């Protein structure tokens with residue numbers, strides 16, 4: 008499987024470590040309220056982290072890790088889609104006042 012990507016095991020391992028670091032950074036930003044789960048950025052960072060870890064599995068395959076990464080990718084895409092296409096709430100200043 009390594010020949011398909013043509014990446015050496017150390018590079019694949021570094022990609023996995025970068026993905027894990029991105030997961031941890033994203034979670035720290037969420038916990039410190041720099042990011043919100045309502046922000047598309049949160050989900051895009053999760054997709055990136057999962058993709059990097061998924062690539063690293065080409066060097067050392069692990070079925071459980073594959074399942075977790077695919078889950079994160081699917082749920083994160085779902086999060087992006089729901090946040091991009093849901094109706095925007097009406098602001099109080101945009102509400103129509105009743106007729107006299």
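In my numbering, the protein residues as written are 8 to 107.
C-beta atoms are modelled at their ideal positions from N, C-alpha and C, and glycine is treated no differently.
Quick caveat: nothing in here was measured; it's all calculated off a predicted structure.
Cβ-Cβ distance between residue i and residue j below 7 angstroms
i          : j          : result
residue 47 : residue 90 : yes
residue 77 : residue 64 : no
residue 28 : residue 60 : no
Pick from the options that is closest to residue i, judged by C-alpha positions
i          : options           : result
residue 86 : 49, 42 and 30     : 49
residue 55 : 14, 17, 96 and 22 : 22
residue 13 : 62, 75, 76 and 77 : 62
residue 19 : 39, 68 and 88     : 68
residue 82 : 44, 38 and 95     : 44
Cβ-based neighbour list, residue i, same chain, cut-off 8 angstroms, excluding 5 preceding and 5 following
i          : result
residue 70 : none
residue 34 : none
residue 32 : 52
Cβ neighbours of residue i in the same chain (closer than 6 angstroms, five flanking residues each side left out)
i          : result
residue 79 : 53 and 57
residue 16 : 66
residue 30 : 56
residue 36 : 42
Residues near residue i by beta carbon distance below 7 angstroms, same chain, minus five either side
i          : result
residue 84 : 54
#### Entry: Contained alpha helix (DSSP H) runs [length at least 4] in the segment 20-100, N- to C-terminal order
47-63 and 70-92
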